[in-house]
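Undergrad:
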Amino acid sequence: MCWLTVPVVNIDRAKAFYAEIFNWDISPEAIPSDRPGVKELHHFNRGKTLQGAFTVMEDGYHVINQSMGSTDAISVHPSFYVKNCKDTLEEVERLGGQKHLHKTEIGGDMGHYARFIDTEGNLIGIWSKI
3 MCWLTVPVVN
13 IDRAKAFYAE
23 IFNWDISPEA
33 IPSDRPGVKE
43 LHHFNRGKTL
53 QGAFTVMEDG
63 YHVINQSMGS
73 TDAISVHPSF
83 YVKNCKDTLE
93 EVERLGGQKH
103 LHKTEIGGDM
113 GHYARFIDTE
123 GNLIGIWSKI
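In my numbering, the protein residues as written are 3 to 132.
Listed below in structure tokens is the structure:
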């Protein structure tokens, strides 16, 4: 992955959530946008391994990529390495996110995965060896 765009409604809430969950470095400066539906951008990174931006969306432009009614109803979504899926899901819920799929063993000694809904309604996957 060379770039990750995370659409958000509440930038302060999203910054606090992602800084805590994934330890992202987030620029305090907003970059105005001339794109329809996008108010502004806030760049973030995780060292040299991840670059991206939060896009603060105008009303009616934020597309939700999940359904809380079913853990089987999903769309394309990023997945991130974490030390422990169970611990990360607990932290997600503490910070206002929602568990979408509990820690699940993949099998074949391939680790575990889980999914959550961030504070902005985006579906995010996580993977851990343990």
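Where is the CB? At the ideal position from N, CA and C, for every residue including glycine.
Which whole-angstrom value is the C-beta distance of I23 and N86, which I expect to be below 8 Å?
TA: Not confirmed; about 13 Å, so no contact.
Undergrad: From G71 to W129, what does the alpha carbon distance come to, in whole angstroms?
TA: About 22 Å.
Undergrad: Taking 8 Å as the limit between beta carbons, can you name the residues of its chain near E93, skipping five residues before and five after?
TA: Within the same chain, E93 has close Cβ partners E22, I23.
Undergrad: Can you list, in chain order, the residues of its chain whose CB lies under 8 Å from that of P80, leaving out five sequence neighbours each side?
TA: Correct list, in chain order: M3, L6, I126, G127.
Undergrad: For N12, is the classification buried or exposed, using 16 other Cβ atoms within 10 angstroms of its Cβ as the cut-off for buried?
TA: It counts as exposed.
Undergrad: With DSSP run on the structure shown, which of helix, strand or coil describes V8?
TA: Correct three-state label for V8: strand.
Undergrad: Looking only at C-alpha atoms, which of D61, V78, E60, D74 sits nearest to N67?
TA: Taking only the C-alpha atoms, the option nearest N67 is V78.
Undergrad: Taking all protein chains shown into account, do 16 or more other C-beta atoms lie within 10 angstroms of the C-beta of N25, making it buried, or fewer, making it exposed?
TA: Classification for N25: exposed.
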